[in-house]
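Engineer:
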Amino acid sequence: MFKKILSASVLSLAALGAAHADGPVRLIVAFPPGGPVDLVGRVLAEQLGKELKQQVIVENKAGANGNIAAAYVAKAAGDGSVLFLTSVGAVSISPALYKDLPYDPVRDFAPVSKVVNNATVFVVNPVNPATDAADFVKKSQAASQSVAIGSSGIGSIPHLTMEMFADASKANVMHVPYKGAAPVINDVMGNQVSGFFGDVPGLIGHIQGGKLKPLGIAAPTRHPLLPDVKTLAEQGIAGVESNNWYGIVAPASTPAATVEKLNQAVRAALSNEAVRAKLEKFGAQAAPSSPAELTALIASDRDKWTALIQRKNIRPE
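Residue numbers for the sequence shown, in mature numbering (1 follows the signal peptide of the UniProt record, and there is no 0): -21 to -1, 1 to 296.
1) Using beta-carbon positions only, say whether residue 91 and residue 280 come within less than 8 Å of one another.
2) With residue 194 as the anchor, note down where its beta strand (DSSP E) starts and where it stops.
3) Which one or two residues does DSSP pair with residue 37 in a beta bridge?
4) In the DSSP assignment, find the alpha helix (DSSP H) that holds residue 144 and state where it starts and stops.
5) Specify, as a first and last residue, the run of the beta strand (DSSP E) that residue 154 falls within.
6) Count the other C-beta atoms from every protein chain shown that fall within 10 angstroms of the C-beta of residue 237, then say buried if there are 16 or more, exposed otherwise.
7) So, helix, strand or coil for residue 124, using DSSP?
8) One question on the structure: do residue 131 and residue 112 come within less than 8 Å of each other, judged by their Cβ atoms?
9) If you draw a straight line from the alpha carbon of residue 222 to that of residue 97, how long is it in whole angstroms?
10) Give me the residue from 71, 122, 32 and 46 with the minimum Cα distance to residue 60.
11) Could you tell me whether the segment 35 to 42 touches the segment 1 to 10, using the rule of 3 or more Cβ pairs below 8 Å?
12) Does the separation of the CB atoms of residue 179 and residue 95 fall below 8 Å?
13) Residue 186: which of 155, 167 and 232 sits nearest, CA to CA?
14) With a threshold of 7 Å on Cβ separation, who are the neighbours of residue 151 within its own chain once the five nearest residues in sequence on each side are excluded?
15) Please return the same chain residues whose Cβ sits closer than 6 Å to the Cβ of residue 190, not counting the five positions on each side in sequence.
16) State whether the segment 131 to 145 contacts the segment 227 to 241, with contact taken as three or more CB pairs (one from each stretch) at a distance under 8 Å.
17) Spell out the partners DSSP gives residue 96 in its beta bridges.
18) Flag residue 184 as yes when its Cβ comes closer than 7 Å to any non-hydrogen atom of the ligand SAH, and as no otherwise.
19) What's the gap between the Cα of residue 50 and the Cα of residue 81?
20) Can you check DSSP and say which residues form a bridge with residue 101?
21) Would you mind giving the Cβ-Cβ distance between residue 46 and residue 73, rounded to the nearest angstrom? I have them listed as a contact below 8 Å.
22) Flag this pair as yes or no: are the beta carbons of residue 174 and residue 102 separated by less than 8 Å?
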């Protein structure tokens, strides 16, 4: 009996050892270098490497609203060597948008931890006469034609937030989809479209530089970098809350012990004062979680966004 127990223990330890890669950890980002997700990934990677005592390398696999990166990680080995820094889109929005995803957000991933919260802010060109979002709604209702609001694409957080805003406020607005955030931001600054709902990290530099004017925050509380900008709820536009959070997931085959090790490392990295300061400087708010909490968040956001997508009959191009 002792031999059997010893043998089982040795096999268990061997399996646990095999589940921990000795080489570098690759943190897959589904967007190009220089964007908000990439910036968060690179801030996190350095400290995470110190916590894991392994090099953590950010690897960009952009395209298809995050689906390319998600499919890649879903098929990776569950040894902790490949992780996915995902935004809410790939795991909670894409399932409602696409019939034939090359991965299953529930079956193919083991949630590790939420990383940051990203509040959504409504911005317009500084010459826009609206003083806040409520005033923007009144002016749109008095306009002779619908006011153009751009987004980074059909089914994106900016698009879905705009749809919630239109429903809640009865604003007279028209959706104009772009291919990515950069061109629509440029067109708002050029006054080619009237407004945009985007993540604070992607817009804070333009706001602080006076190139964009914030009219409201689509979040339950004001943002620390924009303390004078009221939430939409404060302006009488209730129920419009949009958090484009980022989180880390691993391949589903990753053992629970490895997921727990990774979770503790992410928590430790995000508790580092220098890391938090870097994230907060460009508008991201460090928000680590347990694996169970991230699992619940993915599910609740999937329900939330699926209901909106189905109600508005939103279909990808």
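Idealized CB from N, CA, C, for every residue including glycine.
Structural biologist: Taking the structure as given:
1) no
2) 192 to 197
3) 6
4) 136 to 148
5) 152 to 156
6) buried
7) coil
8) no
9) 5 Å
10) 32
11) yes
12) no
13) 167
14) 119, 120, 122, 125 and 126
15) 168
16) no
17) 264
18) Here there are no bound small molecules, and the ligand SAH is not part of this structure.
19) 6 Å
20) 176 and 195
21) 6 Å
22) yes
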